[in-house]
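Here the structure comes first, spelled out in structure tokens, and everything after it is commentary.
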Amino acid sequence: MEERHSNFSQVLFNNVEKFYIPGDVVCCYTLTEKFVPRPKDWVGVFKVGWETTQEYYTFMWAPMPDDLNTESATQQKIQFKAYYLPKDEEHYQFCYVDEDGLVQGISIPFQFPPPDSEEDIMIVINKEKMDEMEQLREELYQENQELKDKYADLHEQLQRKQ
1 MEERHSNFSQ VLFNNVEKFY IPGDVVCCYT LTEKFVPRPK DWVGVFKVGW ETTQEYYTFM
61 WAPMPDDLNT ESATQQKIQF KAYYLPKDEE HYQFCYVDED GLVQGISIPF QFPPPDSEED
121 IMIVINKEKM DEMEQLREEL YQENQELKDK YADLHEQLQR KQ
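FYI, full-length UniProt numbering numbers position 101 of the sequence shown as 101, with every residue one higher than the one before it.
Structure representation (structure tokens):
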């Protein structure tokens, strides 16, 4: 039987922010090519300074990759719901823990600062509006492309008739 031990470089956390605004948090990570995930692996949010894997603040089961036979690194993500996240200004980090309770990856520290002014709330509203505008822009771009194609077809038909 193969002996397993903690190796913090088996799972790499990507695009970890220094601060997360109030709301759901998406945690992105990479399973390195030599790491074999198992069904009871999990990702936890830990207060910096933790000593055992039982000291997590919250956790989510790590989804299994779609293709387990790949020999390359695999990108994964988990969404932590805002309700379950810390509401203080302490420093936290993501940790990937395998089903044996061994830590296989640790993120850089980050914080969840509470909103302290209306300006913070405006950022959230503006992001929502920005997302709506981006969706509208994509729809208009698609419609524009369809109209250009239709125009080109009609122009070609007109040229053939002349």
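C-beta: ideal position from N, C-alpha, C; glycine also.
The structure presented is a predicted model; accordingly, all values stated were derived computationally and were not measured.
Whether residue i touches residue j by CB criterion (8 Å)
{"i": "LYS77", "j": "VAL26", "result": "yes"}
{"i": "TYR29", "j": "TYR96", "result": "yes"}
{"i": "LYS81", "j": "ASP153", "result": "no"}
{"i": "GLU33", "j": "GLU71", "result": "yes"}
{"i": "VAL48", "j": "PRO109", "result": "yes"}
{"i": "PHE94", "j": "VAL36", "result": "no"}
{"i": "THR58", "j": "GLY101", "result": "no"}
{"i": "PRO65", "j": "LEU31", "result": "yes"}
{"i": "PRO13", "j": "VAL103", "result": "A small fix is needed here, since residue 13 is Phe in this sequence, not Pro. No, the Cβ-Cβ distance between PHE13 and VAL103 is not below 8 Å."}
{"i": "MET105", "j": "VAL11", "result": "In the sequence under discussion, the amino acid at residue 105 is Gly, which differs from the Met named in the question. In contact: GLY105 and VAL11 (Cβ atoms closer than 8 Å)."}
{"i": "LEU68", "j": "PHE112", "result": "no"}
Sequence ranges, beta strand (DSSP E) only - wholly within the UniProt domain "SKICH" (11–112), length at least 3:
Restricting attention to beta strand (DSSP E) runs no shorter than 3 residues, the UniProt domain "SKICH" (11–112) encloses them at 11–14, 25–31, 42–47, 56–61, 74–80, 91–97 and 103–106, ordered along the chain.
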